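Novice: Chains as they are written, first to last, in my numbering: chain A, 159 to 373; chain B, 6 to 15. I'd like to ask some things about the structure below.
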C-alpha cells in the first residue's frame, strides 16, 4: 500500500459517501444516472469475485464489501424506493449501455492476463469501469444545471482513478516485477473521459458559478 | 508476497 493508492481509495470512498448523502439528504436522485450506478455494480461484482476465496487484508475485504454494498443499495434505492425513484430522470437517462457491456466482455475474452474465469471477469471489470461514467456524463450534459453534490460526486469519482495512475507509476518504479498494463491503459482512458468535466468543474469553481456543461 | 492472481488492489 502506498500513499497514492490510499488517497485513491479514500477519494473513491468519499465519492460514494457524497452520493449516499445526496440521495439520503435530498431524498432525490435527480441528475444521477441509474445506468452508471448499475454499471458500477457490475464492475464491483465482476472484480471482487475473489472476495471470499482470497483474504488479502481486512482493509481490502472491508472496502470491497463497502463498494459492493453501496453500489447495490444505490441501484435498489433509485429503482424501488418509493420517494427517491420519483425523481429519477428516466427520460434523460437513455444510454444504451448493453453495447458497452458486450464490447467490454468481448475485449476481456481477447485481452486478459490469464484465460481463467476470474481473470476474464477481472479484465471485464477494468474495461467496464473505464466507460461506466459515460451515461452519467451524457445525463449531466442533457440535464443542464448540475447540483453541487452531484458535481462533487463525479469529481471525486474521476479523481480517484487519477490517484491510482500515480500509484501504478510509483509501483512500477519501486517494485521490480510490477506491470499492470490492463489497469494502467484502462485507467488512463477512464481519467481522460473526465477531462472535459474537470475543465468545466474547475471553471465553475474559479468563477464561483454553477457548474454548467455545454449541451 | 504475490497474491493468487496479483490483484491486491481494489
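Glycine is no exception: its CB is placed at the ideal position from the N, C-alpha and C atoms. Here the structure is a predicted model, which means the values were calculated and not measured.
With distances taken between CB atoms, is the gap from residue 279 (chain A) to residue 207 (chain A) smaller than 7 Å?
Specialist: Yes, Cβ-Cβ distance for residue 279 (chain A) and residue 207 (chain A) is below 7 Å.
Novice: Is it true that the CB of residue 221 (chain A) sits closer than 7 Å to the CB of residue 15 (chain B)?
Specialist: Yes, the Cβ-Cβ distance between residue 15 (chain B) and residue 221 (chain A) is below 7 Å.
Novice: Taking the CB atoms as reference points, tell me whether residue 291 (chain A) and residue 351 (chain A) lie closer together than 7 Å.
Specialist: Contact: yes.
Novice: DSSP three-state call for residue 15 (chain B): helix, strand or coil?
Specialist: Residue 15 (chain B): coil per DSSP, three-state reduction.
Novice: If I follow the unbroken alpha helix (DSSP H) through residue 354 (chain A), where does it start and stop?
Specialist: Counting along the chain, the alpha helix (DSSP H) containing residue 354 (chain A) begins and ends at 353-364.
Novice: When the Cα atoms are used, what is the spatial distance from residue 263 (chain A) to residue 282 (chain A)?
Specialist: Taking the straight line from one Cα to the other gives about 5 Å.
Novice: At the 7 Å Cβ level, is residue 200 (chain A) part of the contact set with chain B, yes or no?
Specialist: So, not an interface residue.
Novice: By a C-beta neighbour count over all protein chains shown, 10 Å radius and 16 as the cutoff for buried, is residue 223 (chain A) buried or exposed?
Specialist: Exposed.
Novice: Looking at residue 373 (chain A) and residue 294 (chain A), is the spacing between their C-beta atoms short of 7 Å?
Specialist: No. Outside cutoff.
Novice: Within 7 Å (strictly less), CB to CB, does residue 323 (chain A) reach chain B?
Specialist: With 7 Å as the cut-off, residue 323 (chain A) does not count as an interface residue toward chain B.
Novice: Suppose the cutoff is 6 Å on Cβ atoms and the five residues either side in sequence are ignored; what does the same chain contact list for residue 170 (chain A) look like?
Specialist: Hits under 6 Å: 318.
Novice: Which of the three DSSP states, helix, strand or coil, is assigned to residue 304 (chain A)?
Specialist: In this structure, residue 304 (chain A) counts as strand in the three-state DSSP scheme.
Novice: Would you mind listing the alpha helix (DSSP H) stretches within the stretch 174-255 of chain A that are 4+ residues and don't spill past its ends, in chain order?
Specialist: If we require 4 residues or more, the alpha helix (DSSP H) runs fully inside the stretch 174-255 of chain A come out as 192-205, 216-238.
Novice: Using three-state DSSP, classify residue 369 (chain A) as helix, strand or coil.
Specialist: Here residue 369 (chain A) sits in strand by DSSP.
Novice: Residue 151 (chain A) by DSSP, collapsed to three states: which one?
Specialist: The first residue shown for chain A is 159 and the last is 373, placing residue 151 (chain A) beyond what the model contains.
Novice: Does residue 172 (chain A) come within less than 7 Å of chain B when only Cβ atoms are used?
Specialist: Output row for residue 172 (chain A): interface = no.
Novice: To which residues of the same chain is residue 162 (chain A) closer than 6 Å at the C-beta, ignoring the five residues directly before and after it?
Specialist: Counting only Cβ-Cβ distances below 6 Å, and skipping sequence neighbours, we find 321, 324, 325, 328.
Novice: Starting from residue 279 (chain A) and walking both ways along the alpha helix (DSSP H), at which residues does that stretch end?
Specialist: 275-289 is the extent of the alpha helix (DSSP H) around residue 279 (chain A).
Novice: Spell out whether any CB of chain B is found under 7 Å from the CB atom of residue 214 (chain A).
Specialist: Chain B, which has a Cβ nearer than 7 Å to the Cβ of residue 214 (chain A), makes this yes.
Novice: Any idea if residue 287 (chain A) is buried or exposed, counting beta-carbon neighbours within 10 angstroms, 16 or more meaning buried?
Specialist: It is buried - the Cβ of residue 287 (chain A) has at least 16 other Cβ atoms within 10 Å.
Novice: Could you check the C-alpha separation between residue 213 (chain A) and residue 367 (chain A) for me, to the nearest Å?
Specialist: One C-alpha to the other measures close to 46 Å.
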